[in-house]
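In my numbering, each residue carries its 1-based index in the sequence shown increased by 897.
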Amino acid sequence: MKTEMTEKIKAVLVGVHPQGGEEECSRQLAELARLLDTAGGECFATLTQMRPSPDNRTCIGSGKLEELKELCAANGIELAVFDTELSPAQIRNIEDALGEVRVLDRSMLILDIFAYHATSAEGKLQVELAQLQYTAPRLVGKGTAMSRLGGGIGTRGPGESKLEIDRRRLKEKEQILKEQLSELERTRLTMRAARDRSGVMKVAIVGYTNAGKSTLLNRMTGAGILAEDKLFATLDPTTRKFSLPSGMEILLTDTVGFIRKLPHHLIKAFKSTLDEAVYSDILMILVDASDPEAGEHLAVTEQLLSELGASEKPTLYVLNKCDKADESLMRPAVSHGDRDRVVSVSALTGEGMDELCAALEELARLGKKKIKLLIPNSDHAAVAALYRSAEVHSVDYGNEGTTVVATVDDKMFGMMKKYLVD
């Protein structure tokens, strides 16, 4: 069980924006502050600078850098977090200018949160690989080189013995991690193939981080997984069975949350986790309807799903936290076509769950057909599979075999085609 830090580390958040980008910069820094809070820190102040592009050497100009140095020195600030991705040289130059202040960028902060929340073997390996590929080259400055002995935000993860490996051995270590992940990926693919053979429909719950995905899965299945009001509280996917009103069973999977400016290397490192959305039959996109930026969060989610190649699946849009918001304001933003459905729920109170289940049932029936089968008496497994994964209307046991009338999806139809009765 992870414990919360007793003393929060104070940090200054730094943003750079072009002319006219003040509002967007403000939103991004507000989200960065929430990320910092999730990592166990607190925002002491924000510092922004308007310029056409970040300075190649120090991201912000020399005058603004001096202002940041004075702010940190006067208030005992130990950490500066930049919303812009920094190069190793920029981090070194900024740290040299600031003295005893550690410097992180947005990606490094997200990686730190992932390191804290990873619980499965695969999740931990994915975090370690991403940190080696992205963070290790940036851990420079103030003579500490790659040391993580200092502790605190930006220092969690693989641990000092692994991250203090000589740079000449990093590629070797990276290769070992990739091989370990490949082995776990093979195991995941075997499990996924077994699910495919079962014919059980798979539904992936996706959406912006902190939209309430874990709370919804807990509400529907009693999964008992961690559900906190923090960003990236869930990192490892959780799959549970759920019975629809007709008795048909489906598989619900809670996935890692999306976020704006999600680093590309993180998408690659967590490909096997994000593939839960790619290999699902139905997407259930959860939106926090109470968030003023819900529309933008939905756009980020749909963009990432498109990049993953999962945007054309039958989709159910779920406007969550309807007990806190006028979710009707969100409906025009999510009505993209006849195949899409929109329902309003409160995963916390249970409001709207009947409508949600009915909509899932309707989507689950897409592409299904009613068939009549004659199954040999020796093949009891086929009858059991129908009861698990199809809607069985009637069963008649006879001398020649078992006659079954059922509504099946395409997968189950393929499995049962040899038993078809004209």
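Ideal Cβ positions, reconstructed from N, Cα and C, are used throughout, including at glycine.
- For L1001, the uninterrupted beta strand (DSSP E) segment begins and ends at R999 to D1002.
- It is roughly 22 Å from the alpha-carbon of T1299 to the alpha-carbon of S1143.
- Sorting C1219, E1259 and R999 by C-alpha distance to the C-alpha of R989 places R999 at the top.
- L1213 and A1186 do not touch by the CB rule: their CB atoms are close to 15 Å apart, not below 8 Å.
- If you draw a straight line from the Cα of I1179 to the Cα of I1147, it comes to about 10 Å.
- Within the same chain, L1148, S1177 and D1178 come within 6 Å of K1099 by CB-CB distance, once the 5 residues on both sides are set aside.
- Nearest to S959 by C-alpha distance, out of A930, D934 and I991, is I991.
- With 16 or more neighbouring CB atoms inside 10 Å of its own CB, V1103 falls in the buried class.
- Here T1150 has A1101, P1134, T1136 and E1173 as same chain residues with Cβ atoms under 6 Å from its own Cβ, once five neighbours each way along the sequence are excluded.
- In this structure V1240 is buried. Its beta-carbon is surrounded by 16 or more other beta-carbon atoms within 10 angstroms.
- By the criterion of a C-beta distance shorter than 6 Å, F1139 is surrounded in its chain by M1117, T1118, I1147 and L1149, once the five residues flanking it on both sides are discounted.
- The region 951 to 971 makes no contact with the region 923 to 934, as fewer than three CB pairs between them are under 8 Å.
- Around the beta carbon of S1286, 16 or more other beta carbons lie within 10 angstroms, which makes this residue buried.
- Non-local C-beta neighbours of M1250 in its own chain, meaning closer than 8 Å and more than five positions away in sequence, comprise R1116, M1117 and V1242, ordered along the chain.
- Per the coordinates, the alpha-carbon of G1154 lies some 43 Å from the alpha-carbon of L1317.
- Excluding five sequence positions before and after G912, the CB atoms of its chain that fall closer than 6 Å to its own CB belong to C922, L926, T945 and D980, given in chain order.
- Here the C-alpha atom of R1083 lies approximately 20 Å from the C-alpha atom of L1163.
- Of the other Cβ atoms in all chains shown, fewer than 16 fall within 10 Å of the Cβ of L1263; this residue is therefore exposed.
- Distances from the alpha-carbon of C1254 to those of M1181, L1159 and T1106 put M1181 closest.
- Annotated as proximal: K1158 and R1003, with beta-carbon spacing under 8 Å.
- Taking the Cα of A1027 as reference, the smallest distance to any Cα among L1078, R1066, V978 and A994 is reached at L1078.
- In its chain, beyond the 5 residues on either side, L944 have a beta carbon closer than 6 Å to the beta carbon of L965.
- Selection G1295, Y1284 and K1265 evaluated against N1274 yields G1295 as nearest (Cα-Cα).
- The alpha-carbon separation between F1011 and Y1105 amounts to approximately 15 Å.
- Under DSSP, no beta-bridge partner is assigned to G1311.
- Per DSSP, the continuous beta strand (DSSP E) segment holding R1238 begins and ends at R1238 to S1241.
- Going by beta carbons, A1303 and V1289 fall inside the 8 Å limit.
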